[in-house]
Amino acid sequence: MQDETLLEDPENLAVKFVKASLPELESRELAKRFRATLLLATLKHAYTFSEYYRSVLPVSVLDGSFALENLPEIPLLTKESLCGHVTALRTSGNTGLLQYTTGTTGIPSSVYRSNLEISFLKQFYSSLQGILNGSTDNPSPLILTLANLYHGNVIDIPLNGYRISTGLFDPVLLNQIMYWLTTPHDIPGVENSISTITGLYQSVQWLTIMLIGKDFDFSKCKIKRIYSVGGFVTSRWKRLMETLWSAEIIPVYSLTEVFTHSNCCLLCGSYHFLPNVIPELICPVEQTPMTEGDGELVLTGLYPFIQGQPAIRFATRDLFHLTKNRCLYGDSFEYLGRVDHSLIFKMPDLPPVVIGSAVIHDILDNEPDVATFPFFDNLPGIYDNGTVGKPKYTMTRRVNSHGIDSVRFEIELQYNPLFYQEQARKLKKKILRKICQKVPSLNNAMKEGLVNIELVFRPPGFL
Ligand SMILES: [Zn+2]
3 MQDETLLEDP
13 ENLAVKFVKA
23 SLPELESREL
33 AKRFRATLLL
43 ATLKHAYTFS
53 EYYRSVLPVS
63 VLDGSFALEN
73 LPEIPLLTKE
83 SLCGHVTALR
93 TSGNTGLLQY
103 TTGTTGIPSS
113 VYRSNLEISF
123 LKQFYSSLQG
133 ILNGSTDNPS
143 PLILTLANLY
153 HGNVIDIPLN
163 GYRISTGLFD
173 PVLLNQIMYW
183 LTTPHDIPGV
193 ENSISTITGL
203 YQSVQWLTIM
213 LIGKDFDFSK
223 CKIKRIYSVG
233 GFVTSRWKRL
243 METLWSAEII
253 PVYSLTEVFT
263 HSNCCLLCGS
273 YHFLPNVIPE
283 LICPVEQTPM
293 TEGDGELVLT
303 GLYPFIQGQP
313 AIRFATRDLF
323 HLTKNRCLYG
333 DSFEYLGRVD
343 HSLIFKMPDL
353 PPVVIGSAVI
363 HDILDNEPDV
373 ATFPFFDNLP
383 GIYDNGTVGK
393 PKYTMTRRVN
403 SHGIDSVRFE
413 IELQYNPLFY
423 QEQARKLKKK
433 ILRKICQKVP
443 SLNNAMKEGL
453 VNIELVFRPP
463 GFL
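Set out below in structure tokens:
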């Protein structure tokens with residue numbers, strides 16, 4: 003059943019959005035109806051105004067009968083399609099703002115936001131904050147925002163709280179941040195201490211390391227939560243920051259192309275997507291729809307939240323493990339890593355083996371013996387850049403001349419394993435046990451005798 007009144011005004015949409023986002027069983031049904039209505043509007047808008055979508059969508063999307071369940075019939079929008087059809091994808095020439103995404107390649111791809119879209123977002127978030135603030139008498143949070151300069155222009159949408167924006171580019175700014183963090187503020191209706199920090203993962207890490215380098219007394223500030231946007235927060239770094247800051251660390255998954263963000267759920271430790279996007283999971287080998295398990299996330303951004311450059315069935319190249327009905331907030335998506343950095347292959351009669359890069363990164367990040375790539379090595383104030391970098395390892399699949407299939411991990415250590423054989427032997431056993439625990443698809447294939455696992459330690463400088 004569609005809700006014909008849903009799109010009438012941003013305030014009405016905000017009311018329905020809040021109801022569809024609650025941790026209640028009834029909200030799951032409301033979210034489905036919300037998405038179904040917005041999907042029809044999304045398809046009509048894209049077909050009418052975008053040359054690209056007119057060539058890939060069936061004309062039947064205009065008659066209003068397209069159901070949510072039919073979404074997998076629409077072709078995927080890959081990153082290559084997006085970059086190759088920048089002009090054809092856009093709905094009109096009314097660009098209000100240009101954003102971009104660098105991804106893992108470092109080459110920016112453009113994301114256009116239209117004036118109408120920006121105007122809608124401002125009205126919608128203003129209404130949303132009105133609803134959320136109306137239910138509490140508490141002062142608004144005081145937020146330290148570490149500027150994100152990686153994604154182009156920022157949409158100035160009203161959010162709950164008062165923001166102090168800064169960057170981390172020189173010692174002057176670091177001194178300012180230490181001052182902001184430890185000095186009481188007097189802003190009417192706003193908390194008198196900074197309670198929240200938001201920033202990209204690397205910015206939050208950088209700030210933490212620089213403050214450690216300054217022998218900063220973390221107990222002098224009153225941070226309650228830190229939103230770490232983008233980047234995979236390893237469990238070691240999460241624990242470290244939680245302990246130092248005495249705060250909740252909330253990783254945030256976000257994508258510029260689809261205008262979405264999802265906070266890691268405090269109940270289940272996974273991600274749930276807001277009702278303004280439709281998440282799907284596809285098999286990373288065959289690209290067929292999946293209802294549970296390890297797969298690639300596909301996201302559809304919904305009208306009117308996305309207008310200038312529609313993103314319908316955008317293949318994110320991010321791997322997630324989907325579990326149904328585990329949490330009151332809906333389907334749980336647990337992040338596994340980037341498709342391009344993971345090892346994925348199909349075995350006969352089994353679901354694909356998916357060895358997510360984030361899963362292996364998380365295991366190795368916890369081991370100080372493992373060598374790391376230096377990170378932040380060109381930035382001032384960082385004395386030990388190895389503590390932040392990613393672990394040095396490779397994983398490959400090889401089938402030898404006898405047809406024996408194996409997955410081989412080569413891991414560089416901080417020392418030559420020949421010189422510390424007992425230490426290396428214990429470490430190998432520990433890492434192998436964790437890989438088997440954390441990668442069930444590989445463990446199952448091993449139990450079936452279909453694949454072996456090899457783990458080789460290498461001395462410093464090998465990889
Ligand atoms: Zn949850």
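Numbering (the numbering used here), first residue to last: 3 to 465. The beta-carbon is built from N, C-alpha and C at its ideal position, and this holds for glycine as well. Note that the structure is predicted; figures quoted are calculated from it, not measured.
- Going by C-alpha positions, Pro-393 is about 43 angstroms away from Phe-122.
- Remark: the shortest separation between the CB of Arg-328 and any heavy atom of ligand 1 falls under 8 angstroms.
- For Thr-290, there is no enclosing alpha helix (DSSP H), as DSSP marks it with neither H nor E.
- For Ala-69, the three-state secondary structure derived from DSSP is coil.
- Residue pairing of Arg-115 in beta bridges, as defined by DSSP: Leu-99.
- If you look at Thr-50, you'll find it in the alpha helix (DSSP H) that goes 27–51.
- Beta-carbon to beta-carbon, Ile-365 and Ile-433 are separated by about 6 angstroms, close enough to satisfy the 8 angstroms threshold.
- Val-401 and Val-341 have their C-alpha atoms spaced approximately 21 angstroms apart.
- Taking the CA atoms as reference points, His-343 sits about 15 angstroms from Ile-413.
- Taken through DSSP and simplified to helix, strand or coil, Cys-438 comes out as helix.
- When Phe-261, Trp-239, Ala-447 are compared, the shortest CA-CA separation from Pro-370 is found for Trp-239.
- Here Gln-423 is exposed. Its C-beta has fewer than 16 other C-beta atoms within 10 Å.
- The stretch 249–260 and the stretch 325–332 do not touch, with fewer than 3 CB-CB distances between them shorter than 8 angstroms.
- Under the Cβ criterion (8 angstroms, minimum of three pairs), the stretch 284–299 counts as touching the stretch 316–325.
- The C-beta distance from Thr-93 to Leu-304 rounds to 14 angstroms, too long to fall under 8 angstroms, and the pair is not in contact.
- C-alpha of Ser-23 to C-alpha of Val-279: approximately 12 angstroms in a straight line.
- Contact annotation: the stretch 185–197 touches the stretch 219–226, with at least three C-beta pairs closer than 8 angstroms.
- Straight across, the Cα-Cα distance linking Gly-451 with Leu-429 is about 24 angstroms.
- Taking all protein chains shown into account, Thr-185 has fewer than 16 neighbouring C-beta atoms within 10 Å of its C-beta and is therefore exposed.
- With respect to Ser-142, Tyr-164 sits close: the two C-beta atoms are nearer than 9 angstroms.
- Shown here, Arg-399 sits in a strand according to DSSP, grouped into three states.
- Secondary structure of Ser-195 (DSSP, three-state): strand.
- In terms of side-chain proximity, the C-beta atom of Tyr-337 is found no nearer than 8 angstroms to any non-hydrogen atom of ligand 1.
- It is roughly 12 angstroms from the alpha-carbon of Ser-57 to the alpha-carbon of His-87.
- If you check the CB distance, Ile-357 and Ile-437 come in under 9 angstroms.
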